């Protein structure tokens, strides 16, 4: 058994994805082990393996779709295959899992469009003949056969496959309805004498329904064409992101020359020139020159960002003024843009919990409709007016045609696809549909202080001591990686002080650092680290600074007090306004930070935050979130995605505050690329708008079928004389799917 090669995890009979690790149904053939979704598929395979392993017709060449593209179903994302076709579960046309930058020519759309126009040309004269009253049965049969058998061939094929797979869908109903009407009419032409009087009209003729079957096929084809076009629009957000990337880059050669190369030939380490007005080709670092780069696609900020040597640049951003040379670091699938596109595409294929109800209903829908059609036929045959069997047949067909499980199945996936795409365009990356649903239910927001409420870049706001002491302190701190150290070094450089070389560097984690500079021993850190003398000299000043929310770093030179550095992390400019808006929305705000209580309370006073949990380690942050959940709260946690990772994972919804190209896209279910607090408001509005859209779609789909099926069955006829013609039923069925897709597309204009 160990020598048997395992086939890729896709059922060779129905095409469904199957996990080899958990598959219960297997079979060996030709030295390979195949996995199956169920016993019936396995039995069909064993009966005739060659039928399912023989190579099928090659898919039409489509250069717009990259090689290796997976095709999937919007209603059933578990379906994945390497060529276009129909979903083995619902029969819908598959689409690329990740849309291409240039919208590909959809072979399904091309085929349905061609069939629609040909069938329309056949159906129009057929309807004219039927309405004229002329007895031209053979002409009607010829036109009807061409329209139904050729135009409706995809529907009959998918309907038959649904029966074989025991996965009934909308094409099962369409095939049954049109097939019954067509076969009945064909038999009426070939052998009219076999029909009893209950099938004949007042003139003794057996009515023909070729025109009804042909018009139904034509209208369903039109519905498919319009639906496929509308579905293509739902991937517009991803294609818009892909369009941001340039197709070529300008690479510098070793001899100083330049060459223009396709983007896929750029490798890490290449030096690339970016001229004014050009798009940055890949992620990298500026090595020469300076410019201002428009990063609106990344952050939403209209103001260009100054870039100098050593600064990172991100692919797909736009160089506005100067020219610069960059070193490529992340290319191809590793760039930030490619990761964003991949994340959005995965989110669009995920399933929201709210979809479970639709799945349960859809699973029982087609058998229920078939049962209603049978009951309708029986009721009209027994109690209907003459010709009773004629009425029974027409109404049973109307019931089969009008029911549309497609609208029910599309209600959630279409809204998710458009909603996640709309979020990506606004800097909100959602990893899955469940996150969108949870955003709407959040009632408590836990926020980290540093980098979330504050800018996350500490600055020196005051230094008690002379420039000589600051220069020596900067010389020591330059060797440290602590964020507070960077603030002291930056302040010294801003004053024009050049730090000297330091030696004998020693760092005590959580305490401070020391080194020898110009023959003097310089210590920088807290009171315990620098010594009692320095602590006593600045005790009063240190306490005042701490009460004001500022961090305190003491400086001692040769054991003597030399200075006090007051360092603060500025509060974000929009923090107060955003928190106020969240409170108006009945969101409870809790600050959770590892910083000192004095500093946290100072920030809390300025922002109006009463609930503060301070001086906690990362694992304790997760425990604090859990305590709120035990109170029955639905908790969202906003943090930087690194030291807040345990709390982000524990929260009902984690929101990672991004930071440009270094963003941790996998840190939380929701990532705000710009990393601003206002993004939390936008994310909540997105979740609310998407859930409202899904509810609207589900409501319409349920109401449509709840009303249309009884009307088609003829329940209104005894009181109003109203019957639903099968042709009108076909138009209504197609319109219901289009309405669901059209309503989902409204999310593209949702105000965030």
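Numbering (the numbering used here), first residue to last: -10 to 741.
Built from N, CA and C at the ideal position, the CB exists for glycine as well.
Quick caveat: nothing in here was measured; it's all calculated off a predicted structure.
Any non-hydrogen atom of the ligand GTP within 7 angstroms of residue 197 CB: Ligands displayed in this structure: none; no statement on the ligand GTP is therefore possible.
Beta-carbon gap between residue 686 and residue 400 smaller than 8 angstroms: yes
Inter-residue spacing [alpha-carbon to alpha-carbon] between residue 328 and residue 319: 11 angstroms
Pick from 412, 536, 608, 620 that is closest to residue 658, judged by C-alpha positions: 412
Assigned secondary structure, residue 618 (DSSP; H/G/I helix, E/B strand, else coil): helix
Meets three-Cβ-pair contact criterion under 8 angstroms: the stretch 561 to 575 and the stretch 661 to 673: yes
Beta-carbon spacing of residue 73, residue 96 below 8 angstroms: yes
Given 8 angstroms, three or more beta-carbon pairs between the stretch 542 to 557 and the stretch 457 to 475: yes
Chain-order list of residues whose beta-carbon lies under 7 angstroms from that of residue 388 (same chain, five-residue window excluded): 358, 361, 362, 365, 698, 701, 702
Alpha-carbon to alpha-carbon, residue 465 and residue 571: 43 angstroms
Delimiting residues of the alpha helix (DSSP H) encompassing residue 417: Taken as a continuous stretch (DSSP letters only), residue 417 belongs to no alpha helix (DSSP H), being part of the beta strand (DSSP E) at 417 to 419.
Neighbour-count burial assignment, residue 709, 16 or more Cβ in a 10 Å radius: exposed
Three-way DSSP call (helix, strand, coil) for residue 156 in this model: coil
Proximity test, Cβ basis, 8 angstroms: residue 86 and chain D: Here chain D cannot be found, since the structure has a single protein chain.
Proximity of residue 434 and residue 645 at Cβ, strictly below 8 angstroms: no
Nearest-angstrom Cβ-Cβ length linking residue 581 and residue 636, presumed shorter than 8 angstroms: 7 angstroms
Beta-bridge partners of residue 509, as assigned by DSSP: 506
Reference residue 726, options 300, 212, 556, 119, closest by Cα: 212
Residue 629 vs residue 441 beta-carbon contact at 8 angstroms: yes
Ranges of the alpha helix (DSSP H) found wholly within the stretch 229 to 300, counting only runs of at least 4: 285 to 288
Cβ-based neighbour list, residue 493, same chain, cut-off 7 angstroms, excluding 5 preceding and 5 following: 504, 505
Per DSSP, the bridge partner or partners of residue 560: 443
Residue 308, DSSP secondary structure in three states: strand
Segment limits, beta strand (DSSP E) that includes residue 313: 313 to 319
Three or more C-beta pairs below 8 angstroms linking the stretch 163 to 176 and the stretch 232 to 251: no
Alpha-carbon spacing of residue 305 relative to residue 268, whole angstroms: 6 angstroms
Per-residue DSSP class, three states only, for residue 148: helix
Top-ranked residue by Cα proximity to residue 450, from 556, 638, 502: 556
Local conformation of residue 727 per DSSP, three classes: helix
For residue 451: DSSP bridge partner residues: 555
Three-state class that DSSP yields for residue 703 in the structure shown: coil
Proximity below 8 angstroms, CB of residue 263 to CB of residue 298: no
Simplified DSSP assignment, three categories, for residue 692: helix
From 278, 265, 309, 261, residue whose alpha carbon lies closest to that of residue 284: 309
Own chain partners of residue 618 with C-beta closer than 6 angstroms, once the 5 adjacent residues on each side are dropped: 624
Cβ pair count under 8 angstroms reaching 3, the stretch 195 to 204 against the stretch 176 to 184: yes
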